[in-house]
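S.K.:
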Amino acid sequence: MPVAASAIYFLNLRGDVLINRTYRDDVGGNMVDAFRTHIMQTKELGNCPVRQIGGCSFVYMRISNVYIVIVVSSNANVACGFKFVVEAVALFKSYFGGAFDEDAIRNNFVLIYELLDEIMDFGYPQNLSPEILKLYITQEGVRSPFSSKPKDKPVPNATLQVTGAVGWRREGLAYKKNEVFLDIVESVNLLMSSKGNVLRCDVTGKVLMKCFLSGMPDLKLGLNDKIGLEKESEMKSRPAKSGKTIELDDVTFHQCVNLTRFNSEKTVSFVPPDGEFELMKYRITEGVNLPFRVLPTIKELGRTRMEVNVKVKSVFGAKMFALGVVVKIPVPKQTAKTNFQVTTGRAKYNPSIDCLVWKIRKFPGQTESTLSAEIELISTMGEKKSWTRPPIQMEFQVPMFTASGLRVRFLKVQRFDFYTLDSTILSKIQCRVFKSLCN
Amino acid sequence: MAPPAASQRYPSPSQPSGKSEVSDLKTQLRQLAGSRAPGVDDSKRDLYKKVISYMTIGIDVSSVFGEMVMCSATSDIVLKKMCYLYVGNYAKGNPDLSLLTINFLQRDCKDEDPMIRGLALRSLCSLRVPNLVEYLVGPLGSGLKDNNSYVRTIAVTGVLKLYHISPSTCIDADFPPTLKSLMLHDSDAQVVANCLSALQEIWSIEASHSEEACREKESLLSKPVIYYFLNRIKDFNEWAQCLILELAVKYVPSDSNDIFDIMNLLEDRLQHANGAVVLATVKVFLQLTLSMTDVHQQVYERIKSPLLTLVSSGSPEQSYAILSHLHLLVVRAPFIFATDYKHFYCQYNEPSYVKKLKLEMLTAVANESNTYEIVTELCEYAANVDIAIARESIRAVGKIALQQYDVNAIVDRLLQFLEMEKDYVTAETLVLVKDLLRKYPQWSHDCISVVGGISSKNIQEPKGKAALIWMLGEYAQDMSDAPYILENLIENWEEEHSAEVRLHLLTAAMKCFFKRAPETQKALGTALAAGVADFHQDVHDRALFYYRVLQYDVHVAERVVSPPKQAVSVFADTQSSEIKDRIFDEFNSLSVIYQKPSYMFTDKEHRGPFEFSDELGNISITPEASSDIVPAQQYEANDKDLLLGIDEKDDNKGLSSNNGSAYSAPSLENSSNITSQMQELAISGPATSATTPQSSFGFDDLLGLGLSTAPAPTPSPPLLKLNPRAALDPGAFQQKWRQLPLSLTQECSVNPQGIAALTVPQSLIRHMQSHSIHCIASGGQSPNFKFFFFAQKESEPSNYLAECIINTSSAKAQIKVKADEQSTSQAFTTVFETALSKFGMP
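See below:
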């Protein structure tokens with residue numbers, strides 16, 4: 007059975023109850039106290055997100071400064087439980103507009119209770135789609151889609167949609183300007199040897215979309231994915247176009263994508279939800295081309311001084327450029343004073359995250375830039391505390407470049423109802439977590 | 111809802127005490143109750159909000175119940191909702207007052223707005239007051255027939271709620287059959303899904319005392335129903351899909367076409383973004399193909415990549431849930447994941463619970479080809495700032511070494527750890543070196559020279575210290591200053607707080623004494639004197655025991671305390687394969703996370719309500735399962751360190767003057783064993799070592815020392831004649847295998863010729879066939895082969911099913927037998943073993 011949550015609690019970091027919703031009687035009333043005393047006030051908190059106390063299991067997640075706790079007494083489905091929490095938080099965010107934290111919950115607790123009533127009944131998850139729920143639960147208060155009073159905008163056939171099959175989109179949307187935005191965000195995990203050889207590299211990517219389209223459009227997305235292209239050329243019985251194709255290790259799609267069609271024709275076709283959503287996720291381990299090379303050298307000069315040199319080289323085409331490059335170079339906790347020199351951009355020491363943060367607004371291709379810093383450490387008594395040299399992190403965007411080589415070949419709107427598309431396709435890459443092993 | 115009294119015990123400073131506020135609210139609400147002035151709804155809203163927020167933080171606001179109900183006559187939906195929420199929370203505690211609400215709820219149930227009808231119906235069912243159920247039946251009945259699907263979904267869940275308040279009312283009103291017809295005919299997907307979950311719960315509870323419900327429960331699993339759901343699965347939302355997939359797991363397909371149809375239909379579900387859907391699909395695939403070994407392997411290959419994607423995306427908690435399942439699969443089929451080991455490398459910013467799981471997986475997938483890289487990576491982690499992870503990774507290195515791959519390099523690495531000069535690293539490493547020495551005595555020379563250089567003063571942790579002391583005792587002849595180190599330690603007896611260390615100190619002094627008597631005599635005397643005076647019962651007992659044995663005869667003492675060591679070939683696995691299979695059956699649930707079957711952590715009445723054959727299995731299996739549980743639980747509770755635990759057990763076999771607390775030795779057999787054991791010890795010494803190949807029970811029956819001879823085989827079981835032409839189709843086999851309880855588990859060794867012949871697994875199948883035992887499925891790769899056999903009695907159609915797992919490297923076979931007739935299963939097992947033992951013989 008999927009999660010049959012007996013109760014859901016929202017707590018702040020101190021353990022005060024923000025929301026307390028019991029769905030079933032099979033857990034005792036003092037479960038929140040049990041969670042507080044046996045989990046929150048012990049070291050167990052960060053150890054495991056699933057804990058058992060007495061006959062009950064606590065499945066919990068921390069999201070900003072709030073703990074969301076699901077209590078179950080049966081042998082529940084944990085993956086489902088976590089997914090439910092994640093989806094519920096996304097739903098709340100779409101209602102509050104932005105942050106989900108203690109204040110937002112306190113300000114909207116009535117709304118949250120209303121939503122909790124709708125999204126779960128007797129412990130079984132119901133419809134969590136913001137699109138549909140927004141039809142009858144609104145921030146201003148509830149308005150009934152069924153009420154006979156005329157509204158500014160008639161909602162056609164709302165009855166069906168409350169529980170209907172196309173759960174992610176409502177009918178009757180109309181935009182003056184029809185727009186589609188598409189972003190590719192990739193996170194690269196890289197391990198380099200001291201000589202700059204890549205030891206390991208993998209990419210997890212997401213295709214994010216923002217749709218503002220009228221009616222019920224049917225979109226089709228073409229990627230330069232190997233299987234898809236082969237299939238296409240096979241169907242049209244002509245040789246595949248030359249150009250680089252890439253092999254995706256694995257793909258998962260948003261529920262709006264017609265999976266049967268993906269499997270038979272290898273095309274990504276879908277009726278998009280309105281607004282922002284994550285269309286697909288993929289994973290690649292081979293053939294990753296990196297836009298940057300990072301060459302760090304770190305010298306420890308005695309007990310209280312260190313020298314850090316980081317050279318960043320851009321290896322993408324000279325006509326392209328990277329935007330918003332941020333390099334985070336970890337330094338030991340006991341850093342006292344830092345001096346830097348940078349060839350481009352700006353750097354500063356951020357003691358709260360123990361990093362030198364080096365920002366470069368625009369980084370052209372085929373260039374290099376260096377940071378050299380001298381770091382003075384507070385001398386410590388006793389044995390030498392070893393510093394583990396955490397990985398250097400780097401974030402940036404390179405328009406029209408992806409580490410995986412994934413490219414959007416086309417995005418077609420197949421059902422033109424009554425509008426033309428003012429489409430903007432924007433492809434960018436954000437890379438995170440560069441792990442490099444120095445020396 | 112938290113009873114106010116309980117929550118108020120922990121009032122936070124910022125929370126108001128509540129009393130005066132509540133009475134204020136009461137008067138204000140009363141003023142508003144009758145008013146029809148414009149704007150009154152807004153002020154009501156504010157008041158209601160206050161009430162709800164007090165309720166949330168645990169202040170008892172039940173005293174305003176009457177006023178809340180009076181104010182509820184309003185057309186504002188928000189107000190109504192807040193009122194419903196309030197009533198739902200306090201109705202149970204105020205059954206009399208709840209009667210007041212029935213009226214307005216019933217009225218709302220007939221409202222022309224479906225939204226209000228639905229809300230009112232939901233609240234009505236959430237009152238949970240037993241004496242009000244009569245008021246529920248009417249509205250529920252009309253709710254189920256409502257022309258609006260929103261109301262119907264709520265009514266369906268309402269029926270389930272009613273059932274939990276009063277089963278008889280629900281059954282008498284004939285709701286289950288209504289739900290069933292709704293489930294099969296309603297046009298709305300959510301209504302259908304709710305019907306399914308409600309019916310599953312109701313019928314599985316009813317099934318225990320009603321045959322009809324039992325039949326209905328079975329009918330949910332009939333082919334038409336399953337196909338009806340699976341064909342429509344895309345119409346359902348993701349949560350309902352999980353529900354349907356969970357149902358499909360229990361379906362027993364009629365033939366292999368059936369299986370492939372289902373898998374083809376569901377394959378695209380593996381691409382779903384919702385991890386829960388993917389896991390549920392994976393479960394369906396795995397369970398369907400259990401009997402088809404090669405397809406089962408392919409399924410592993412197919413599901414690998416979606417699962418790995420899910421691990422790397424989503425929040426750490428989600429990946430933890432997925433990783434736990436992946437862990438289970440990796441342990442079941444390590445060779446399939448052997449090339450993917452890089453996916454299990456830890457990332458710097460992952461939480462420790464994720465890292466821990468990944469370390470375990472790295473240990474599991476290590477084989478000849480990847481050990482070097484894995485161990486290199488693990489050594490990186492050993493320098494980690496997170497001490498817990500550093501420890502885990504050192505243990506992981508040790509476990510890999512014990513798996514026999516590339517021991518040479520690993521020993522070097524371990525010895526390098528000792529040079530890192532960090533307390534915890536040294537302590538963990540010592541424990542490992544000790545375990546390694548027990549398995550590979552040939553390395554003693556290298557290790558001892560390094561270990562000898564470690565000063566015992568630098569080791570604070572009891573486990574590390576105990577390990578060092580054990581080595582000092584065991585290798586006293588190779589370490590020149592062993593007696594003097596021991597002497598030093600013994601002199602500080604009083605400062606040694608851990609009983610475990612003191613116990614080891616006693617034993618080590620004894621062992622050292624037998625090897626280098628002149629140098630140790632004084633120290634041993636001091637140790638025994640201190641031990642006898644020790645306040646800890648075990649230490650006291652052990653010292654006394656040593657003293658008396660020495661007094662009786664020094665040579666006997668030597669044979670008891672310091673027998674020639676035999677290398678340990680296989681360390682005991684904490685979990686029996688029966689338990690592992692059970693966890694596998696409960697894939698995609700908490701069992702996998704906790705790594706124990708659900709019956710261990712949920713009470714009978716709390717157990718997941720929809721378990722078919724499992725339920726049957728559980729009940730009948732308890733007697734023997736309980737003996738399996740004991741050690742596993744004890745490990746959980748007392749001893750997180752598996753390896754050390756085993757070591758202690760090993761020592762206990764030699765000494766075993768203690769059976770208990772400090773050592774957390776599992777008392778598998780009854781405590782009455784201790785005495786018999788002691789006698790046995792005195793008489794025969796530790797000659798019966800569990801490592802001899804004959805006693806295939808391995809370490810499972812540690813304290814049952816020498817028990818391998820004790821339980822004499824049942825006196826001449828009646829000879830069983832098997833039908834040489836028995837027939838059983840795979841589907842029926844699978845169904846039987848799921849339904850029948852396990853009647854016997856047996857381990858036996860296979861003769862070397864047999865192992866040699868096993869290079870062609872078919873040979874065993876032919877061999878067993880000649881003994882009228884037929885193979886239905888087989889598979890596996892060296893060193894593990896798995897066979898499913900069945901046989902039939904010659905005279906009557908009574909079946910025996912057997913699972914046989916043969917490990918060629920240890921030359922052991924594990925046999926699980928299930929039988930239609932429990933009484934004859936022992937006889938069958940004997941026949942089976944006899945047949946197996948003849949395998950490979952000319």
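The listed protein sequences derive, respectively, from chains P and R. Its first residue numbered 7, the first sequence is counted upward by one per residue in my numbering. Its first residue numbered 111, the second sequence is counted upward by one per residue in my numbering. Using N, Cα and C, we set each Cβ at its ideal position, and we do this for glycine too.
1) Per DSSP, what are the beta-bridge partners of C217(P) in this structure?
2) Could you work out which residues of chain B lie near M67(P), taking near to mean beta carbons separated by less than 8 angstroms?
3) Taking 7 angstroms as the threshold (beta carbon to beta carbon), is Q347(P) in contact with chain R?
4) Name, please, each residue of chain P whose Cβ falls closer than 9 angstroms to the Cβ of S252(R).
5) In or out: F454(R) buried (at least 16 other Cβ within 10 Å) or exposed?
6) Just to confirm, are P223(P) and V419(P) a CB contact at a threshold of 7 angstroms?
7) Hey, would you say S886(R) sits closer than 7 angstroms to F895(R), going by beta carbons?
8) I need the boundaries of the alpha helix (DSSP H) containing C557(R), first residue and last residue.
9) How about F711(R): is its C-beta nearer than 7 angstroms to some C-beta of chain P?
10) Compare the Cα-Cα distances from I143(P) to each of S233(R), K191(R), D663(R) and report the closest residue.
11) Would DSSP call V335(R) helix, strand or coil?
12) Who pairs with K922(R) in a beta bridge, going by DSSP?
13) Applying a beta-carbon distance threshold of less than 8 angstroms, which residues of chain P neighbour R238(R)?
14) Note down, in chain order, each residue of its chain lying with its Cβ closer than 6 angstroms to the Cβ of V209(P), except the 5 sequence neighbours on either side.
15) Could you tell me whether the Cβ of R267(P) comes closer than 7 angstroms to any Cβ of chain R?
16) Over the uninterrupted beta strand (DSSP E) stretch that includes W364(P), give me the two end residues.
17) If we cut at 7 angstroms on Cβ distances, does S882(R) have a partner in chain P?
18) Ignore the nearest five residues each way along the sequence and tell me which others in A105(P)'s own chain have a CB closer than 8 angstroms to its CB.
19) Is there at least one Cβ from chain R nearer than 7 angstroms to E271(P)'s Cβ?
20) Measure the alpha-carbon distance for S252(R) versus I312(R) and round it to whole angstroms.
21) Starting from the beta carbon of I25(P), find every residue of chain R whose beta carbon is closer than 8 angstroms, and list them in chain order.
22) For P131(P), list the residues DSSP reports as bridge partners.
23) For E382(P), which of helix, strand or coil comes out of DSSP?
24) Based on Cα-Cα distance, which residue from M530(R), L400(R), K466(R), V941(R) lies nearest to R848(R)?
25) Name, please, each residue of chain P whose Cβ falls closer than 8 angstroms to the Cβ of I432(R).
26) Could you give the distance in angstroms between the alpha-carbon of A836(R) and the alpha-carbon of I883(R)?
27) Could you pull out every residue in the same chain whose Cβ sits closer than 7 angstroms to the Cβ of E108(P), ignoring the five residues on either side in sequence?
28) Near L215(R), what residues of its chain come up, given a Cβ to Cβ distance below 7 angstroms and the 5 sequence neighbours on each side ignored?
29) Name, in chain order, the residues that DSSP records as bridge partners for V191(P).
30) Of all Cβ atoms in chain R, is any one closer than 7 angstroms to the Cβ of G54(P)?
31) Please state whether the Cβ-Cβ distance between L868(R) and T934(R) is less than 7 angstroms.
32) Alpha carbon to alpha carbon, how far is I484(R) from K339(P)?
33) Could you please tell me which residues of the stretch 303 to 317 of chain R, in chain order, have their CB closer than 9 angstroms to any CB of chain P?
34) For chain P, find out if any of its Cβ atoms is closer than 7 angstroms to the Cβ of Y361(R); answer yes or no.
35) Taking Cβ positions, are V363(P) and P297(P) nearer each other than 7 angstroms?
36) Helix, strand or coil: which one does DSSP assign to M165(R)?
M.R.: Once the coordinates are examined:
1) V186(P), G281(P)
2) This model lacks chain B altogether; the protein chains it does include are P and R.
3) no
4) Result: empty, since nearest Cβ-Cβ is about 17 angstroms, beyond 9 angstroms.
5) buried
6) yes
7) In the sequence as presented, Ser is not what sits at residue 886(R); that position holds Ile. Against a cut-off of 7 angstroms, the Cβ pair of F895(R) and I886(R) comes out as no contact.
8) 554 to 561
9) yes
10) K191(R)
11) helix
12) S859(R), N917(R)
13) D31
14) E192, V194, I290, V294, A409, S410
15) no
16) 361 to 370
17) no
18) S70, K99
19) no
20) 20 angstroms
21) T166
22) M126(P)
23) strand
24) L400(R)
25) A85
26) 8 angstroms
27) N18, L24, N71, V72
28) A230, S233, L234
29) K212(P)
30) Reading the sequence as shown, one finds Cys at residue 54(P) and not Gly. Yes, contact with chain R.
31) no
32) 30 angstroms
33) A303, N304, S307, A308, Q310, E311
34) no
35) no
36) helix
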